[in-house]
Amino acid sequence: MTSPAARTDAIALLARYYAAFNAGDWQGMLDCLSEDVAHDVNQGDRVVGKAAFAEFLKHMERCYKERLEGIVLMASEDGTRAAAEFVVHGAYLATDEGLPEASGQKYVLPAGAFIGIEGGKIARLTMYYNLADWTRQVVGE
């Protein structure tokens with residue numbers, strides 16, 4: 001049976017997660033995740049587990065400085081599925097493997113996430129943004 005608060009709880013979880021992101025509070029983000037979280041990296045592989053996600057955050061912190069604006073959060077009635085849409089305002093700080101050279105280029109990129117929630121934690125995070133758009137912005141085309 002669906003709890004009347006399930007949708008509200010899911011939205012509150014995501015609000016905490018994205019507020020932690022914007023604050024650079026990596027531990028706060030990790031606290032929102034299940035131990036075996038599945039992270040589908042945009043146009044990349046799935047990585048599983050909080051430790052793998054923490055490594056991803058370290059990598060992102062080295063290569064990018066990002067802030068999310070215009071965040072819109074949505075959740076299913078039962079609170080097990082959710083989505084987030086936002087605009088990433090970022091700077092490309094250090095060259096990421098397989099991507100163009102970094103020199104502090106700025107970018108503004110629409111993005112989103114599909115999220116699975118289990119036991120009050122984010123159990124799956126599937127990210128999406130348009131890599132071709134990001135590449136055009138950082139190479140100056």
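Residues in the sequence shown are numbered consecutively from 1, following UniProt numbering. C-beta atoms are modelled at their ideal positions from N, C-alpha and C, and glycine is treated no differently. The structure displayed is predicted, hence computed values, not measured ones.
By the neighbour-count definition (other C-beta atoms within 10 Å, threshold 16), residue 77 is an exposed residue. Judged by beta-carbon spacing, residue 139 lies within the 7 angstroms limit of residue 100, meaning their Cβ atoms are closer than that value.
Secondary structure note for residue 9: its alpha helix (DSSP H) is the uninterrupted segment 6 to 23. Three or more beta-carbon pairs separated by less than 8 angstroms link the region 8 to 22 to the region 81 to 90, which places the two stretches in contact.
In terms of Cβ geometry, residue 86 and residue 68 form a close pair [threshold 7 angstroms]. By the criterion of a C-beta distance shorter than 8 angstroms, residue 37 is surrounded in its chain by 48, 49, 50, 53, 121, 122, 123, 124, 125, once the five residues flanking it on both sides are discounted. In the three-state reduction of the DSSP assignment, residue 41 falls in the coil class. Secondary structure note for residue 125: it is in no alpha helix (DSSP H), and the uninterrupted beta strand (DSSP E) holding it is 121 to 129.
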